[in-house]
Each structure stands twice: as structure tokens, then as C-alpha cells.
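Novice: Residue numbers (this note's numbering): 15 to 234.
What follows is a single structure, and I will ask about it in a moment.
Now the structure itself:
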């Protein structure tokens, strides 16, 4: 019988299964992870666990901010702020709920856009902080860290295993007895399950290069 998880256990499982992210949105001269990408990544587990995330707003206010732009022209922006509540609900047991209070700000030349900006940025930062996802906007090593900490796709490992087997068979076809284990040793693989996506890609490229070199020598 499958163990029935409570709300907190379900949320913990969603968090444990979040894959690595790529910065897919640009704003203010830097790229960052969008809220929509985060929602897309957690959607499958949320559906699996019948989890609902329901936002609501209150105390919405707006003011205007007047300033001069780079051309010296006077510009009026609308500044919208509101209180937000993000409510996690276990649909299997609706009485199990978790509320998180948040506050949102948005500034644009159009008041409806300012309202949308406030909601969009609040959603993004709420999800990033709630699931402890590093933002890395100002981190020069962000790309390296992402590859290091991203969960490796099992399909990548399977592809590498197949490439190793194919190379071993290629060697045997030209009368060179090279086992798959020997190929792994030559590639420096101690535990294939501990490799990063970047390492796997590099090894597949190396195997492709070795295969081409071997075929070229055979045809000489």
C-alpha cells in the first residue's frame, strides 16, 4: 500500500525533484530564471501529489512617481504595491493548508502593466526563495555551478553507456580487443552515475572523435 503523504511531505518531494535551471529571461541588462520556467518544472510533481498553489491579493495601493528620463523629459510612472498570500493546499485533504505572506511592488508607465509586474516578480521571487533555488544573477560562476548542481538526466547516462558499448564493438571489429570497462577507464570514469551533464557531453564528444580517428586509420 502506497504511503499517504501529508502537505509538507508533498512539498518536500516537489523540492527534492526540481532540476537545474537556465536563465531564460532578460531584464535590466542581465538574464534570470523566469517564474514561468519554475512553475513548468514543478508542475508535474504538483499534479502527481494533487497540490494546489492559490495566490490572493489584498491592500492594493498605487501612487505616481515623477522623474526625468535620459533625454530630460518628464516621465510619470505608476507604482503599485499589494499584500500577497500564497496558499498551498493538499487537494486530497483540503483542510491541510500552508499560507505564506508576501509583499509585491511594480513600477511601469502603465498602471495595468505595473500591476502585472508586481505579480510576476513576486511570484518569481517567492518560488525561488521557497524552494531555495539560487538566483545567480550576479554570480560569474553561475553557469559552472548550474552544471555542477543540476540533476543528471538518466537518458544522458544511458546515451553515454550506449556510446561506450558502440566504441568497444568498433574496436573489436578492427581486431582490437577493447572492453567497455577499458573504455570507461580510458575516459577516467570511476562512477558513471556521479558524472555531470557537462562531463557526459564531453565524453560523448571524445568517443565520437576516437571513433572517427579509428575509422580513418582503418581506411588508410
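All C-beta atoms, glycine included, are put in the ideal place defined by N, C-alpha and C.
Since the structure is predicted, the reported quantities are computational estimates derived from the model, not experimental observations.
1) Taking 7 Å as the limit between beta carbons, can you name the residues of its chain near residue 56, skipping five residues before and five after?
2) Taking residue 132 as the reference, which of 66, 120 and 60 has the closest Cα?
3) Kindly indicate which residue of 139, 25, 146 and 217 has the alpha-carbon position closest to the one of residue 61.
4) Hey, would you say residue 211 sits closer than 8 Å to residue 170, going by beta carbons?
5) Leaving out the 5 sequence neighbours to the left and right, which residues in its chain are closer than 8 Å to residue 82 when beta-carbon positions are compared?
6) For residue 225, which residues from the same chain have a beta carbon less than 7 Å from its beta carbon, with the 5 sequence-adjacent residues on both sides left out?
7) Out of curiosity, what's the CA-to-CA distance linking residue 124 and residue 140?
8) Return no unless some Cβ of chain B is closer than 8 Å to the Cβ of residue 100.
9) Please report the Cβ distance between residue 97 and residue 115, rounded to the nearest whole angstrom; I am assuming they are in contact, meaning their Cβ atoms lie under 8 Å.
10) Measure from the alpha carbon of residue 147 to the alpha carbon of each residue in 53, 118, 18 and 22, then state which is nearest.
11) So, residue 218 versus residue 177, is the Cβ gap smaller than 8 Å?
12) Please classify residue 196 as buried or exposed, where buried requires at least 16 other C-beta atoms within 10 Å of its C-beta.
13) So, helix, strand or coil for residue 129, using DSSP?
14) Taking the continuous beta strand (DSSP E) assigned at residue 168, which residues delimit it?
Specialist: Taking the structure as given:
1) The count along the chain shown starts at 1 and reaches residue 56 at position 42. Same-chain partners within the cutoff: 28 and 32.
2) Position 118 of the chain shown, counting from 1, holds the residue named residue 132. Taking only the C-alpha atoms, the option nearest residue 132 is 120.
3) For the purposes of this step, residue 61 is identified with residue 47 of the chain shown, where counting begins at 1. Measuring from the Cα of residue 61, the nearest candidate turns out to be 25.
4) As a first step, residue 211 is located in the chain shown; it is residue number 197 there, counting from the start. As a first step, residue 170 is located in the chain shown; it is residue number 156 there, counting from the start. For residue 211 and residue 170, yes; Cβs fall inside 8 Å.
5) Counting from 1 along the chain shown, the entry for residue 82 is found at position 68. Same-chain partners within the cutoff: 88 and 89.
6) Start at 1 with the first residue of the chain shown, and residue 225 comes out as number 211. Cβ neighbours of residue 225 beyond the five flanking positions: 181 and 184.
7) In the chain shown, the residue the question calls residue 124 occupies position 110. In the chain shown, the residue the question calls residue 140 occupies position 126. Their backbone Cα atoms lie some 24 Å apart in a straight line.
8) Among the protein chains of the structure shown there is no chain B, as only one such chain exists.
9) The sequence position of residue 97 within the chain shown is 83, counting from 1. The sequence position of residue 115 within the chain shown is 101, counting from 1. The pair is a contact, with the Cβ atoms about 7 Å apart (cut-off 8 Å).
10) By one-based count along the chain shown, residue 147 stands at place 133. The shortest C-alpha separation from residue 147 is found at 53.
11) Counting from one through the chain shown, the residue named residue 218 turns up at place 204. Counting from one through the chain shown, the residue named residue 177 turns up at place 163. The answer is yes: Cβ separation under 8 Å.
12) Residue mapping note: residue 196 aligns to position 182 of the chain shown, counting from 1. Residue 196 should be labelled exposed.
13) Numbered from its first residue, the chain shown carries residue 129 at position 115. Three-state DSSP puts residue 129 in a helix.
14) Position 154 of the chain shown, counting from 1, holds the residue named residue 168. Taken as a continuous stretch (DSSP letters only), residue 168 belongs to no beta strand (DSSP E), being part of the alpha helix (DSSP H) at 168-187.
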